[in-house]
Structure formats: structure tokens, C-alpha cells
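Down below is the structure, laid out as C-alpha cells.
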Amino acid sequence: MSPVKRKQIDPQEKAIEAALSPGRFISYDVAWSFVEDVRGVANDIDTIIRKDPARAARLCKIFIAACHEKADEIDDSSGNFGMLVEELFQGWIKACQAANFDPYETAISLISWMEDDPYGFCHDLERGVVKALDKNGLAASEKNDLSSLIELWLEHKEYDRLVSRLLQTADYELEDLSHYRAAGA
């Protein structure tokens, strides 16, 4: 029998965890320097995009998830932490493009984050998405890929919200009408 191989943890994952200091509250007074330290790890991942974009995309996803975990442990009144997370989203998109990931799958993941955004990290993210798209990404967006899918999602989200309101109103009116008919019958 061969010994069981342990899955090795990427050293950058350890760096992300160390930089974010889970469990430690970051007050407003030290938030700026904290974010700068965390940004250093993000910059390290940016350099990985050129060498190993698939790894960089995975690390960015992990980093974004870890930042969501940290959000309750930092006084981000200045907004610096939120801006850092937006930069991580842009890095993730660049890495996905460099790794030639399916733009549709990238858009689906991004939309999922945008729909479940309790800390507002994705507020106005579409502006950052446009900045992150490379020439191929911008050209692809003209062919209904990433940015067009996001734009379409935003339009549908508003449409779905309107339809939902109309259906709720119709249900209420029908219920009201059934009570009226029952009372008169």
C-alpha cells in the first residue's frame, strides 16, 4: 500500500489567511494599513495571472470568499476594504480570461455573487468588469459573452422584479375577489 497523499495547501492560500487574520477585529484606526497588507497578497496573485491563470482564478475566488468572511470583523467606514474586494473581482475576471474559461460560466459565477451580496462588494461592479475585460473580452462582449450577459441579467432582474410585483398584486386581487364572491353567494 502506498502512503496516503495529503492535499498540499497552496502557499498563497496560507498567505491570504495570514493577511486577513480571521477572528481579529480591525478597527477604523488600523484599517488602512490592514488593507494595504492584504493588498500586498492580492498583488502577489496578480503576478500569478500571467504564469498560471487557472491557479490565479481559483485563488481570487478563495480570496473573495475569505473577504466575505472578514467583512463582519472590520470597520470599513472608509470603503478601502470594499474597493480591495472589487479589485479582486477584476483580477478574477482577468485570470478567467487568461485561462480561457468559458465566459458564460464566468458570468454565471459573477451573477451569483451579485445576487448574494450582503456587504455591497458587488455594488456597481459592472464598471469594474468593463475595466477588467481585455481586448478579446471586449470583442467577445459584442458577441453576447461576459459583459453582455451581465447587462442582460441586470435588465431581466428589473423585469423579473416587476413581474413579481404584478403577480403579487394579481394574487391579492383574486383573493379579495374570492372573499367577495363567497360573501355574496
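Counting in the numbering used here, the sequence shown runs from 1 upward without gaps. Ideal Cβ positions, reconstructed from N, Cα and C, are used throughout, including at glycine.
Are there 16 or more other CB atoms within 10 angstroms of the CB of residue i, so buried, or fewer, so exposed?
| i | result |
| --- | --- |
| D50 | Reading off the sequence, residue 50 comes out as Arg, not Asp. R50 should be labelled exposed. |
| D102 | exposed |
| E86 | buried |
| A18 | exposed |
| A57 | buried |
| Q8 | exposed |
| I26 | buried |
Output needed for residue i: all residues of its chain with C-beta closer than 6 Å, excluding positions within five of it in sequence on either side, in chain order.
| i | result |
| --- | --- |
| M114 | C122 |
| A54 | A99 |
| G104 | Position check: residue 104 holds Tyr in this sequence, whereas Gly was assumed. Excluding sequence neighbours, Y104 sits near nothing in its chain. |
Got a sec? Which residues, its chain only, sit under 7 Å from residue i by beta carbon, not counting five neighbours each side?
| i | result |
| --- | --- |
| A71 | Y119 |
| L61 | Note that residue 61 is Lys in the sequence shown here, rather than Leu. Same-chain partners within the cutoff: W92. |
| S263 | The question about residue 263 has no answer here: the residues shown for the chain are numbered 1 through 185. |
My guess is that residue i and residue j are in contact by the Cβ rule of under 8 Å, so how many angstroms apart are they, rounded?
| i | j | result |
| --- | --- | --- |
| D10 | L59 | 7 Å |
| F63 | I16 | 5 Å |
| L20 | V38 | 6 Å |
| D44 | Q12 | 7 Å |
Let me make sure I understand the geometry here. Which of the options has the alpha-carbon closest to that of residue i?
| i | options | result |
| --- | --- | --- |
| Q97 | D52, I26, E13 | D52 |
| Y28 | D75, L88, F34 | D75 |
| H211 | P22, Q12, E126 | Outside the displayed span of the chain (1 to 185) sits residue 211, for which this structure offers no information. |
| A65 | D124, E126, D117, L125 | D117 |
| I48 | D124, K94, Y104, G79 | K94 |
Less than 8 Å between C-beta atoms, sequence neighbours within five positions excluded: which residues of the same chain meet that for residue i?
| i | result |
| --- | --- |
| A42 | F63, L84, E87, L88, G91 |
| S33 | none |
| R24 | E73 |
| G79 | none |
For this session: Starting from the N-terminal side, write out each stretch of the alpha helix (DSSP H) that is 4 residues or longer and does not extend beyond the region 55-132.
Result: Assignment of alpha helix (DSSP H) within the region 55-132, counting only whole runs of 4 or more residues, yields 80-98, 103-115, 125-132 in chain order.
For this session: Identify every run of the beta strand (DSSP E) within the region 13-56, keeping only runs that are complete inside it and at least 3 residues long; order them along the chain.
Result: With a minimum length of 3 residues, no continuous beta strand (DSSP E) run stays inside the region 13-56.
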